[in-house]
Amino acid sequence: MTIAIEARNLSKRYLIGEAGAHKSLREALALAGRRFARNALQRDAADDHTALRREFWALRDVSFQVRQGEVVGIIGDNGAGKSTLLKILSRITEPTEGELRFRGRIGSLLEVGTGFHPELTGRDNIFLSGAILGMTRAEIMRRYDEIVAFSEIGDFIDTPVKRYSSGMYMRLAFAVAAHLDVDILLIDEVLAVGDVRFQRKCLSRVDKIAGAGKTIIFVSHNLVAVQSICPRTIWIDHGRIVSDGSSADVVKAFMRVGHLQREGDRVWIDPETAPGNARIRLRRACVQPMTELAPGAPMDTRMPFRIFFEYDNHVPGARLNASLSLVDSDDIVVFSAGPTREVQPQAVASYREECLVPGDLMNDGNYRVTIEIREEGKLVLKCPHILTFDIADSSDFRFGWYGKWQGVVRPMLDWKTTQVPEPKAAE
Amino acid sequence: MKETIIRPTRGWGTPDLRELWDSRDLIRFFVLRDVKVRYRQTFFGAIWAVVPPLFTMIIFTFVFTKVVSVPSEGMPYWAFSLCALTPWSYFVQALPSTANSVVSSVGMVSKVYFPRLVLPVTASLGPLVDLAVAFLFLVIALAFAGILPGPRVIFVIPFTLIAVMTVLGVGSLFAAVNVLYRDVKHVVPLATQLWLFATPVVYPSSMVPESVRPLLGINPMAGVVEGYRWALLGAPADPWALVAVSALSATVILVGALFVFRRIERVFADVI
């Protein structure tokens, strides 16, 4: 098997602070002056170097090989180094250390629509964007009809793209990029464009490119898509490769860590540090799936789960009304819930409040729970964002579509498709 | 399949002209884009190309014949200055856009790879279209005044080449430094303004003592401007000594600039 890409100890350093990116010449001159002064005073040069520059290694000693025709996923948190790796692969930036070898031409779908000019027509932009992505005029002419057909722009091809809808714009941009004649294709989150039908079309295009023996590097946050497109996945964290292997294993390991970092179960043993006051003190708060899960495996959208919290009441006869609310990563309150019966006076004791959330209700994403306890409408205790947890996407009912399911919630609703009989002509 | 090896580069490297040549289609589309966009949704269209040299000529003719008197080698002052202002307008239009070419393409530079030199090259070539229009106007205007171009007019091509080399040289130097220090955007307008007086646009180079006259050619635009006059007005004085110095000077500037550009280019995406 031929090696398509070989990375050996790739590292990328960025300098932040003073010496990184000075915006004015004055700063650079001042810096040079200071450096000169220090050297004149016979200070240690190395010491001087570190004092003036703060380094940040976006990528550190990354080595891997990709065989020709392989489809490899790259996952990792934001800022883990995925984009830096792609930038080095696509030659946008140079590595600070290490070496990269690749065979053939590399093309990237990093940013579709780069170089599009709003004043130019669709036709002009196809040629412009194609040339920016590395195609020659002859190559673009050869694939021109294919590109136009793929984009479904039709007669608008001679209209300036500033008059396009955003959907048309993205379709045209993707169409150009998808017809790049390259040996290695870098893809970064572009499958989130357009509507469901167009996404499926893009995906089958990627499948077709992979089927033609091209090498594909696919970077995505969408773990479902990574798992279904790429047999192999590389997980990058803090600029280093954490794991490299079969997608199922790597994604599972990634999810496990991602899950542990969340605070889905909190227990306060020492009442001194527990949230609360003289009247109420929390003991535990927890989000727990109702289904038995493999250790570390995440909950997914199909599973019912419960949220509960336990507290000590220190005031005899208090009529406490506990409630909780759940917000998503956009700070939208998904729901709030509380007791369904009138509250009774409570003795000095420990209580547990529990709320059951059915499966097939929540969308995938990251959620935070806020707990509130009131007495006769007055707030006694509020614990904002006391729990955070993730709900993973479920691969059921996708039928080949991998975009983010729209909506705050994702309830499983009854849906029927029936054939309507032809109405009979009135007789 | 061709194997590409990417390693960190340090110090001075050689400009990759081969790669630039391979990107000629891209240069062509960029130039086409700039030309199409410049006059789109304008009423007068390409007539705008004639406006800067024409109006500057009118003002200069008024100032330098009515207010102060400047010799114009026996030619009508308007023809004398318009001949110089035509290539000069190209310079004034092309230099700032070349100096800005990299910074104004942040989106592309940080997202796609293509030879970065394409950007200043494009910016220095695009305004040639305007120059062509302005040149046509110049020839027509001269013809009306009875000054018909002789076979010498063909030399306008090498003179224009010197102008392009100057713009590309100084412009790409500015363009690269501009990525690091935005001070450049304050320097460029000032530099072009002062440059006008270092160039024999409003005055003839014959005002400079003959012994040091070729030194005027260290400013490549001096050779360009005097060359244009010689080619179009049939001026008797031979400009070749001046032009030779200018051609050499433009070459030195361009080669030096390409090396500096290459040196700074690798951090473009990181600091832009």
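Protein sequence lines correspond, in order, to chains A and B.
Sequential numbering of the first sequence, starting at 1460, is according to the working numbering.
Sequential numbering of the second sequence, starting at 45, is according to the working numbering.
All C-beta atoms, glycine included, are put in the ideal place defined by N, C-alpha and C.
Predicted, not measured: the structure shown is a model, and the values here were computed from it.
What's the gap between the Cα of residue i and the Cα of residue j?
i: D1636(A); j: N1468(A); result: At residue 1636(A) the sequence reads Ala, which differs from the Asp that was named. About 30 angstroms.
i: F1575(A); j: V1816(A); result: 47 angstroms
i: G118(B); j: E309(B); result: 49 angstroms
i: A1510(A); j: L1518(A); result: Summary for A1510(A): the model assigns pLDDT 47, below 50, so the residue's position carries little reliability, and this model does not support an answer.
i: L286(B); j: T243(B); result: 12 angstroms
i: E47(B); j: I1464(A); result: 10 angstroms
i: V1786(A); j: V1793(A); result: 5 angstroms
i: W1874(A); j: D1819(A); result: 14 angstroms
i: S1702(A); j: Q1524(A); result: 13 angstroms
i: W132(B); j: V231(B); result: 18 angstroms
i: I262(B); j: V94(B); result: 28 angstroms
i: V200(B); j: M209(B); result: 14 angstroms
i: T1618(A); j: K155(B); result: 26 angstroms
i: R1493(A); j: F218(B); result: 26 angstroms
i: L1644(A); j: G267(B); result: 50 angstroms
i: L1779(A); j: G1797(A); result: 11 angstroms
i: N1822(A); j: L298(B); result: 59 angstroms
i: G1593(A); j: D69(B); result: 9 angstroms
i: G300(B); j: K1660(A); result: 50 angstroms
By Cβ distance, which residues of its chain are closer than 8 angstroms to residue i, with the 5 residues on each side in sequence left out?
i: G278(B); result: I191, G194 and R196
i: G1704(A); result: R1691 and T1692
i: T53(B); result: R310
i: L182(B); result: P97, L126, C127, T130 and L276
i: M101(B); result: W122, S125, L126 and L129
For residue i, which residues from the same chain have a beta carbon less than 7 angstroms from its beta carbon, with the 5 sequence-adjacent residues on both sides left out?
i: L1741(A); result: W1727, A1733, P1734, G1735, F1768, Y1770 and C1842
i: V223(B); result: V146, V147, I308, F312, V315 and I316
i: D1520(A); result: N1468, S1470 and R1699
i: S67(B); result: F158, P159 and V162
i: L1838(A); result: E1831
i: C1689(A); result: V1530, V1531, G1532, F1677 and S1706
i: Q1686(A); result: S1706, A1707 and V1710
i: F303(B); result: W56 and P59
i: F1713(A); result: I1534 and W1694
Can you tell me which of the three DSSP states residue i falls into?
i: R1526(A); result: strand
i: F179(B); result: helix
i: F1767(A); result: strand
i: W92(B); result: helix
i: L1544(A); result: helix
i: F1794(A); result: strand
i: Y121(B); result: helix
i: Q1(B); result: Because residue 1(B) is not part of the residues shown, which for chain B are 45 to 316, the question remains open.
i: E1561(A); result: Residue identity check: residue 1561(A) is Phe in the sequence provided, not Glu. F1561(A) falls in the strand class under three-state DSSP.
i: S116(B); result: coil
i: Q1658(A); result: helix
i: R1800(A); result: coil
i: W1694(A); result: strand
i: Q1720(A); result: Residue confidence for Q1720(A) is low, a pLDDT of 44 falling below 50, so the modelled location carries little weight; the figure read from the coordinates is stated next. Note: Q1720(A) maps to helix in three-state DSSP.
i: A1539(A); result: coil
i: C127(B); result: helix
i: A1597(A); result: helix
i: M101(B); result: helix
i: Y247(B); result: coil
i: L1872(A); result: coil
i: M45(B); result: coil
i: W1516(A); result: strand
i: N1468(A); result: strand
i: G1532(A); result: strand
Kindly list the residues whose CB is nearer than 6 angstroms to the CB of residue i, restricted to its own chain and excluding five residues on each side of it in sequence; keep chain order.
i: S1522(A); result: A1466, R1467 and N1468
i: V75(B); result: T166, L169 and G170
i: R273(B); result: C127 and A279
i: F1515(A); result: Y1473 and I1475
Counting only Cβ pairs nearer than 9 angstroms, list the residues of chain E close to residue i.
i: G1593(A); result: The structure shown contains no chain E; its protein chains are A and B.
Check your understanding: What residues from the segment 1618-1644 of chain A come within 9 angstroms of chain B, judged by C-beta to C-beta, listed N to C?
Key -> Per Cβ criterion, the list reads P1619 and D1642.
Review point. Listed from N- to C-terminal order along the chain, which residues in the segment 1528-1556 of chain A have their beta-carbon within a distance smaller than 8 angstroms of any beta-carbon of chain B?
Key: K1546, I1547, S1549, R1550, I1551, T1552, E1553, P1554, T1555 and E1556
Exercise for review: Give, in chain order, every residue of the segment 166-189 of chain B whose Cβ lies closer than 9 angstroms to some Cβ of chain A.
Suggested key: none
Point to revise | Members of the segment 71-84 of chain B that neighbour chain A once the beta carbon cut-off is set at 7 angstroms | key: F73, R77, K80, V81 and R84
Exercise for review: Report the residue ranges of all alpha helix (DSSP H) runs contained in full by the segment 1590-1640 of chain A; include only those spanning at least 4 residues, in chain order.
Suggested key: 1596-1610 and 1625-1637
Exercise for review: Name, going along the chain, the residues of the segment 55-66 of chain B whose beta-carbon falls closer than 8 angstroms to a beta-carbon of chain A.
Suggested key: none
Check your understanding: Residue ranges of each alpha helix (DSSP H) run of no fewer than 4 residues wholly in the segment 239-287 of chain B, ordered along the chain?
Key -> 257-260 and 264-277
Review point. What residues in the segment 200-225 of chain B have a beta carbon less than 8 angstroms from any beta carbon of chain A?
Key: L224 and Y225
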